[in-house]
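In the numbering used here, the protein residues as written are 2 to 188. Positions of the beta carbon are idealized from the N, C-alpha and C atoms, including for glycine. The next block holds one structure in the form of structure tokens; read it before the comments.
Below, the structure written as structure tokens:
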């Protein structure tokens, strides 16, 4: 789930909900859940980084849209590390994947990027785990309601649709990047 949550796919709160649910059910296993989520999230960011570096600024701009790309690029500027920390800690709809992609396209050091993501996501997941430990019984009670189950089904459907659009957007942006530009006929 962590790999998917930190990649091109649309899965807001996926990792967060999974950690909260697992920790609420199995209190003593919380460090394993946190570590697993951090590893998965970092791997997802690594895969996104590979694609975004290869696509470069032009490729990421095609995916993000020119105005959004320029706005984020201006905000990130020389503060790529801070933007990553905020992105790792902030809940959706913060454009976490786009912040990672822009940092990668701008050549932010990969190892530094991955360490920041791992530490920041670790902080987020520890906080969520501690909250789940404190409020676990209430969480489990809510999970057993039919309203929660219906909400989860709707949420999963939205994530699938959002993921399809996200992947299509990345593929379109990547596919048009390598196409040769037409040249004028000089004859």
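Cβ-based burial, residue 83 [other Cβ within 10 Å; buried from 16]: exposed
Contact under 8 Å by Cβ, residue 46 with residue 116: no
Through-space distance from residue 26 to residue 98, alpha-carbon basis: 30 Å
Within 8 Å, strictly: CB atoms of residue 121 and residue 160: no
Length of the line joining the Cα atoms of residue 54 and residue 48: 10 Å
Close-in-space but distant-in-sequence residues of the same chain around residue 95 (CB under 8 Å, 5 per side omitted): 87, 88
The region 65–73 contacting the region 138–155, beta-carbon criterion three pairs below 8 Å: no
The region 99–116 in contact with the region 26–37 per 3-pair CB rule at 8 Å: no
Local conformation of residue 146 per DSSP, three classes: coil
As assigned by DSSP and simplified to three states, the class of residue 34: helix
Sub-8 Å separation of residue 129 and residue 20 beta-carbons: yes
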